[in-house]
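> Residues 5 to 257 (the working numbering) are what the sequence shown spells out, left to right.
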Amino acid sequence: MNDKDIEKVLNFLREYQDLYGNNLFVDRERIESIAGEFPDLPGEPNTKPSKPVAKVREKKMTKPADSPLWNFKRKIENCKNCALGNTRTKFVFGSGSEHADIMFIGEAPGAEEDRTGIPFVGRAGKLLDRLLAQIQLKRDDIFIANILKCRPPNNRDPLPDEVAQCIPYLHRQIELIQPKVIVALGRIAAQNLLRSTASLKQMRGRLWQYRGVDMIVTYHPAAILRNAGLLTVATEDFKFIRETYREILKRQN
Ligand code: URA
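1. Anyone know if the C-beta pair for P149 and G190 falls short of 7 Å?
2. Roughly how many whole angstroms lie between the Cα atoms of G126 and E117?
3. Consult DSSP for L163 and reduce its assignment to one of helix, strand or coil.
4. The alpha helix (DSSP H) with D218 in it runs from where to where?
5. What's the gap between the Cα of V96 and the Cα of I178?
6. Would the C-beta of F108 count as close to ligand 1, meaning under 6 Å from any of its heavy atoms?
7. Does the beta-carbon of A128, which I'm using as the reference point, lie nearer than 6 Å to any heavy atom of ligand 1?
8. Considering Q213, what are the terminal residues of the beta strand (DSSP E) in which it resides?
9. Around the C-beta of T91, are 16 or more other C-beta atoms found within 10 angstroms, so that it is buried, or is it exposed?
10. Alpha carbon to alpha carbon, how far is I151 from L197?
11. With 7 Å as the threshold, decide whether the Cβ of N75 is near any Cβ in chain B.
12. Inspect the CB distances between the region 163-174 and the region 75-86 and report whether three or more fall short of 8 Å.
13. Classify E247 as buried or exposed, calling it buried when 16 or more other Cβ atoms lie within 10 Å of its own Cβ.
14. For K243, does the count of other Cβ atoms within 10 angstroms reach 16, so buried, or fall short, so exposed?
15. Look up D241 in the DSSP assignment and say whether it is helix, strand or coil.
16. Between G121, D165 and G100, which lies nearest to P113 when the distance is taken from Cα to Cα?
17. Quick test of your reading: I181 and A104, contact by CB under 8 Å. State the CB separation rounded to the nearest angstrom.
18. Ligand 1 heavy atoms versus the CB of N150: any closer than 6 Å?
19. In three-state DSSP terms, what is N196?
20. Could you check the C-alpha separation between V60 and G209 for me, to the nearest Å?
21. On the CB-based measure, 16 or more other CB atoms within 10 Å of its CB, does D1 come out buried or exposed?
22. Is it buried or exposed, P157, if we count other Cβ atoms within 10 angstroms and call 16 or more buried?
23. Starting from the C-beta of Y214, find all residues in its chain whose C-beta is less than 6 Å away, skip the five residues before and the five after it, and write them out in chain order.
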């Protein structure tokens, strides 16, 4: 595959981000490895693809049919257990590898996530990608989900009843993925998981247990965007995440 073809694939994937998720975008090796799945690349960048896309879409969408995690998604994605089911655009199940050893849990979808159905694709998501890259992780090494699967209007905090309705979905995701480490992103996620009213500052920097899994709490990337001073602390947290994750994997192998 030459550079021009790779650029074509990249443009194709950018256009179809909501179908493929974020994790296919940057990795040249991965693009080369999936090249065979694009029998007929759309002509020019940004040309609206027609037939070949339908083929790829069908293939991509039927591929996880036998996966317990993606079966679970199909089972719950029309959920109307709370009022957010009537206001959302897309149900944001989560994305990444169902075999991930590390799982990140945020608060709830924002506007971009509601539009695309993919968690952490807005500005906060871009920062999260950079923090992950600093510890040599990519989206397809991890699984990302939220406490709530649907966007609260105007990004207000999740209500206790919405959390109560939605959190069993997260529990099932944890059971199916079986991560070795969980990272709670931000105060709302951490407080809901730990059933605590402690501040983020009190919760970060140590190891917790959540449903039998080691858990680390760190700042939500959106909080870092609002207060750049938090970046240094968050970088420390991500080093702690990396060390913990490596240690746990080493112990298990
Ligand atoms: N913030 C979150 O907590 N989750 C998302 O998916 C996006 C922004």
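Quick reminder that beta carbons are idealized off the backbone N, C-alpha and C, glycines included. Nothing here was measured: the structure is a model prediction, and the numbers come from that model.
Looking at the atomic coordinates:
1. First, the amino acid is wrong: residue 149 is Ala here, not Pro. The answer is no: Cβ separation not under 7 Å.
2. 7 Å
3. coil
4. Per DSSP, D218 belongs to no alpha helix (DSSP H); it is in the beta strand (DSSP E), V217 to T222.
5. 16 Å
6. no
7. yes
8. L211 to Y214
9. exposed
10. 8 Å
11. The structure shown has no chain B; it contains just one protein chain.
12. yes
13. exposed
14. exposed
15. helix
16. G121
17. 6 Å
18. yes
19. helix
20. Only weak support exists for where V60 lies, its pLDDT of 35 falling under 50; the coordinates are left without a value.
21. Lying before the first or after the last residue shown, residue 1 is absent from the chain, which here runs from 5 to 257.
22. exposed
23. I186 and L197
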